[in-house]
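There are 2 protein chains.
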Amino acid sequence: MDLLNRELPAYFTTYMRRYAQLIASHGLNVRPGQLVQVSTEVYHRSFIALLVEELYLRGAKYVHVDFADPAISRTRILRSNAEYLGDTPAFFSDKYHELVESGAANLKVLGPEKPDHLVDLDPHAVNTVRKGAYRAAKHFYTEGIEKSKVHWCVVAAATPAWAQRIFPTLGEQDAELRLWEQIFKICRVDHDDFMARWEAHNDLLHRRASALSSLGIEELHFQGPGTDLRVGLSSKAIFKGGSDSTPTGDRFEPNIPTEECFTTPDWRRTNGTVAATRPFYVNGTLVKGLLITFKNGEISHFSCDEGEAAFKTYTESDEGSKRLGEVALVGTDSPIFMSGLVFQEILYDENAACHIALGSAYRGCLKNGASLSDEECRELGCNISSVHTDIMISSEEVDVDARLLNGERVRLIERGAWVGSFSVK
Amino acid sequence: MDLLNRELPAYFTTYMRRYAQLIASHGLNVRPGQLVQVSTEVYHRSFIALLVEELYLRGAKYVHVDFADPAISRTRILRSNAEYLGDTPAFFSDKYHELVESGAANLKVLGPEKPDHLVDLDPHAVNTVRKGAYRAAKHFYTEGIEKSKVHWCVVAAATPAWAQRIFPTLGEQDAELRLWEQIFKICRVDHDDFMARWEAHNDLLHRRASALSSLGIEELHFQGPGTDLRVGLSSKAIFKGGSDSTPTGDRFEPNIPTEECFTTPDWRRTNGTVAATRPFYVNGTLVKGLLITFKNGEISHFSCDEGEAAFKTYTESDEGSKRLGEVALVGTDSPIFMSGLVFQEILYDENAACHIALGSAYRGCLKNGASLSDEECRELGCNISSVHTDIMISSEEVDVDARLLNGERVRLIERGAWVGSFSVK
């Protein structure tokens, strides 16, 4: 089953090539002589081959493609001696060190071939493997990603199983094709001037984030059906959106697509009730119809239509898993919102609506955040946790106001849409 | 196109599972807690998943599967800046060091998805990439493989394109199935007692190699149509066949299948003419109808029906590429010979007939060979070269005699078949 070896609409190849170019250029911004790592699943081999061509054309020194196979991950958890499940060879850490120290470009291509392949397995065993993989890559996350020492970008490619979750009435091949078409549209590669559109879109996100940062927001106030939530921000909070930069000034786009302006809240000042406006996954289980009440920063009560047990377990992961680590603003001008689809993949769904996250906060959204100690983080209400899950909380019935440090109240989003200067493209 | 997801004959799954067990047990002889690396192409993912299960069931600590994609290798050579083609990231060497230092088990699963994917490319660029990969893995080859510090095993799995080379009149799927059936038969997994058969086969190869080593052979003499070739052996020559052992005494089987007893000749004492009895590949080009004349150890003349230019270029690779580096004895009891097929894959074809190799010699086939310096090698006529190509030279019309140091003459192979005590199973 290989999409790219099938007879496809003529425009398809063009859009696929553009998508690869967008990732290599705007996403990773590969520099001549740069080492590049691509992590993905074997299923995506045809798209990856196209992408690797673009990476070499931009002057990559070496493109290392790390192909994972979900069947192998599953087999390990089922058949390995339990005592070895947390182990990873030392050369994994060596690799991550080299990626960081050489300032490599790192691409993750999401899109699960088998979305549920670990769901029926012992969650403890699954977690042990995940923790082991995290330990091996810790230097990469803390130094490479958090301090932006590497170029990094996360994108998605369609698979039949993922596509059929979104289009359950379609056959495998039709669903996959339809999902690719959505990806192309949302990522703007259905336009000849796609690269210019991304530059303009990026400028818009930068302008919005900069304007939000300079407003002096003390509290965000979300209001809508089932929602009356206040989220406090520390005076050090800054908003980010669009491309990021390495310490040496190289731009890269951490997510394609991206539609959000996000910051780190003071978790202690979260109060009120909030209704999730879209389903989301928690450790592989879909949670629907979530309602949460926060009191002095922690969840005091919640209910779900579906997935309540999984959500409960999640909130008990650690001290920080029932506290906010992120608040992000997304308007209804988002092409993901406009698609009317629920992608059941957070890279897409979090960019369809305003969202909050339960779990770890991004220190880069506090002034001088990269150098903050854990203790200083605690003093600022910057949440620390080993988990992070986004929950979408806006729709065309939700308004978002900012209460400023000077006492003023400014409307940011009305009926889901950016207003005032924030709406100007 | 995934063989294992198709409707297959009932026995097929059984044989495939046995083949995986044979590789994990007899081939790699994986020890509890051992690191395992599997190198292969993405095409083989279904077979690899089965194999990984057997590796974990034997107690492997971690199985690292390194999936290569021929499309990516090709793209690199076509699109990379030429100055980077010889580069490999440092973490490749780190990995090979860890594999050697930890005494890992290493499996190579051959079987090209696209046998000709590099044939039309600039041979200089292809060679630069190969040399770079070799440099990164040099410690692994010189310490791990040559000194048997790692367990290692080379096997093959079917692909449609490879299978259609052997069965050109069959469709892709039928050819692939037919090739798998040949692999199963040749590897004895079509018998319930396959593991015992391999033990017995291995004992036979050990006995033959040991008897050959203790004969005191001064010269091997091959005679047949177009062939009257004498190959001298040094007094330090020993024959090897079947399983090898690590310095700590762990057995492993370097090749599955294996039918040969081989040694390192004194290249200087090669004289006469020899006719290749099977076609073979030189840098991706098939050579047919080769006739060579050796004079004082070097090729003095040759002719081919096909592939003459490629063979000529090969013999000019370096000083050692026109001299012998191996001589191996295989009888017509080999199931590969009995299949009547030419596999166009050296792992199989070299085990169908006696063969010589032009190029580098294996030092392990000389007494205390691992500790010999290059200078000592030269004194013993142990050939040094960066290349090695096997050429099959026996058939049912070829006899092989040994002239011993004591002047006696012993017939080893008559009309292609082992004779006397060598034929006893």
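Heads up: the protein sequence lines correspond to chains A and B, in order.
Take 1 as the starting number for the first sequence in this note's numbering and just add one per residue.
Take 1001 as the starting number for the second sequence in this note's numbering and just add one per residue.
Virtual Cβ for every residue (Gly too), placed ideally from N, Cα, C.
In this text, all values refer to a predicted model and were calculated from it rather than measured experimentally.
Practice task
Evaluate contact between the region 149 to 156 of chain A and the region 109 to 118 of chain A, counting only Cβ atoms and requiring at least three cross-stretch pairs below 8 Å.
Solution key: yes
Handout entry: Buried versus exposed call for residue 338 of chain A [16 or more other C-beta atoms within 10 Å across all chains shown]
Key = exposed
Handout entry: 7 Å Cβ cut-off: residues of chain A touching residue 1368 of chain B
Key = Simply none; closest approach about 32 Å.
Problem - residue 1418 of chain B burial status per 10 Å Cβ neighbour count (16 or more: buried) - result: It is buried - the Cβ of residue 1418 of chain B has at least 16 other Cβ atoms within 10 Å.
Problem - residue 57 of chain A versus residue 1080 of chain B: straight-line alpha-carbon distance, rounded - result: For residue 57 of chain A and residue 1080 of chain B, the distance between alpha carbons rounds to 7 Å.
Exercise for the section: Count the CB pairs spanning the region 179 to 192 of chain A and the region 358 to 368 of chain A that are closer than 8 Å, and state whether there are at least three. Expected result: no
Exercise for the section: Taking a Cβ distance cut-off of 9 Å, strictly less, list which residues of the region 1042 to 1063 of chain B are near chain A, in chain order. Expected result: 1042, 1045, 1046, 1048, 1049, 1050, 1052, 1053, 1054, 1055, 1056, 1057, 1059, 1060, 1061, 1062, 1063
Problem - Partner residues on chain D for residue 1095 of chain B, Cβ-Cβ distance less than 7 Å - result: The chain labelled as chain D is not found among the protein chains of the depicted structure, namely A and B.
Problem - CB contact check: residue 67 of chain A to chain B, cutoff 8 Å - result: yes
Exercise for the section: Quick one: grab the DSSP three-state call for residue 420 of chain A. Expected result: helix
Handout entry: Rounded straight-line distance, which links the Cα of residue 175 of chain A to that of residue 169 of chain A
Key = Near 8 Å, if we compare the C-alpha coordinates of residue 175 of chain A and residue 169 of chain A.
Exercise for the section: Please go through the same chain and pick out, in chain order, the residues whose beta-carbon is closer than 8 Å to the beta-carbon of residue 1405 of chain B, but skip the five residues on each side of it. Expected result: 1216, 1217, 1218, 1235
Exercise for the section: With DSSP collapsed to three states, give me the class of residue 1223 of chain B. Expected result: The answer is strand: DSSP assigns residue 1223 of chain B an E or B state.
Handout entry: 8 Å Cβ cutoff, residue 1161 of chain B in contact with chain A
Key = no
Handout entry: chain A contact for residue 1025 of chain B (CB, 8 Å cutoff)
Key = Any Cβ of chain A closer than 8 Å to the Cβ of residue 1025 of chain B would place that residue at the interface, and such an atom is absent.
Exercise for the section: Flag residue 71 of chain A as yes if its beta-carbon sits less than 8 Å from any beta-carbon of chain B, otherwise no. Expected result: yes
Practice task
Leaving out five residues on either side along the sequence, give the residues of the same chain with a beta carbon under 6 Å from the beta carbon of residue 1001 of chain B.
Solution key: The pLDDT assigned to residue 1001 of chain B is 41, lower than 50, so where the model puts this residue is not dependable, and the model offers no usable value.
Handout entry: Coil, strand or helix - residue 117 of chain A by DSSP
Key = In the three-state DSSP reduction, residue 117 of chain A falls in the coil class, being neither helix nor strand.
Practice task
Could you spell out where the beta strand (DSSP E) holding residue 1037 of chain B opens and where it closes?
Solution key: 1035 to 1041
Exercise for the section: Check whether the Cβ of residue 233 of chain A sits closer than 7 Å to any heavy atom of the ligand NAD, and report yes or no. Expected result: Among the ligands in the structure shown, none appear at all, so the ligand NAD cannot be discussed.
Practice task
Tell me, please, whether the CB atom of residue 1088 of chain B is closer than 8 Å to any CB atom in chain A?
Solution key: Residue 1088 of chain B counts as touching chain A.
Exercise for the section: Assign residue 142 of chain A to one of three DSSP states: helix, strand, or coil. Expected result: Helix.
Handout entry: Cβ-based contacts, 7 Å cut-off: residues of the region 1074 to 1086 of chain B near chain A
Key = 1075, 1076, 1079, 1080, 1081, 1084
Problem - Coil, strand or helix - residue 1001 of chain B by DSSP - result: Any reading at residue 1001 of chain B must be qualified, since the residue scores a pLDDT of 41, below 50, and its modelled position is unreliable; the value itself is stated next. Residue 1001 of chain B: coil per DSSP, three-state reduction.
Exercise for the section: Check whether the Cβ of residue 1098 of chain B lies closer than 8 Å to any Cβ atom in chain A. Expected result: Yes, contact with chain A.
Exercise for the section: Give the straight-line distance between the Cα atoms of residue 98 of chain A and residue 90 of chain A, rounded to the nearest whole angstrom. Expected result: One alpha carbon belongs to residue 98 of chain A, the other to residue 90 of chain A, and they sit about 13 Å apart.
Exercise for the section: Say whether the region 54 to 70 of chain A touches the region 17 to 32 of chain A, bearing in mind that this needs 3 or more beta-carbon pairs closer than 8 Å, one atom from each stretch. Expected result: yes
Handout entry: CA nearest to the CA of residue 443 of chain A, picked from A:246, A:372, A:348
Key = Residue 443 of chain A is absent from the model: chain A starts at 1 and stops at 425.
Practice task
Can you give me the start and stop residues for the alpha helix (DSSP H) that residue 1262 of chain B sits inside?
Solution key: Segment 1261 to 1263 is the beta strand (DSSP E) holding residue 1262 of chain B; no alpha helix (DSSP H) there.
Handout entry: Range of the contiguous beta strand (DSSP E) that encloses residue 1108 of chain B
Key = 1105 to 1110
Exercise for the section: Leaving aside the five residues before and after residue 137 of chain A along the sequence, list all residues of the same chain whose C-beta is less than 6 Å from its C-beta, in chain order. Expected result: 96
Problem - Beta-carbon proximity list for residue 211 of chain A, same chain, < 8 Å, skipping 5 on both sides - result: 421, 422
Handout entry: Distance, residue 35 of chain A Cα to residue 102 of chain A Cα
Key = 7 Å
Handout entry: Residues that residue 1035 of chain B contacts on chain A, provided the C-beta gap is smaller than 8 Å
Key = 89
Problem - For residue 1401 of chain B and residue 1350 of chain B, believed in contact at Cβ under 8 Å, the rounded distance - result: Going by Cβ atoms, the distance from residue 1350 of chain B to residue 1401 of chain B rounds to 21 Å, so no, they are not a contact pair.
Handout entry: Sub-8 Å separation of residue 380 of chain A and residue 266 of chain A beta-carbons
Key = yes
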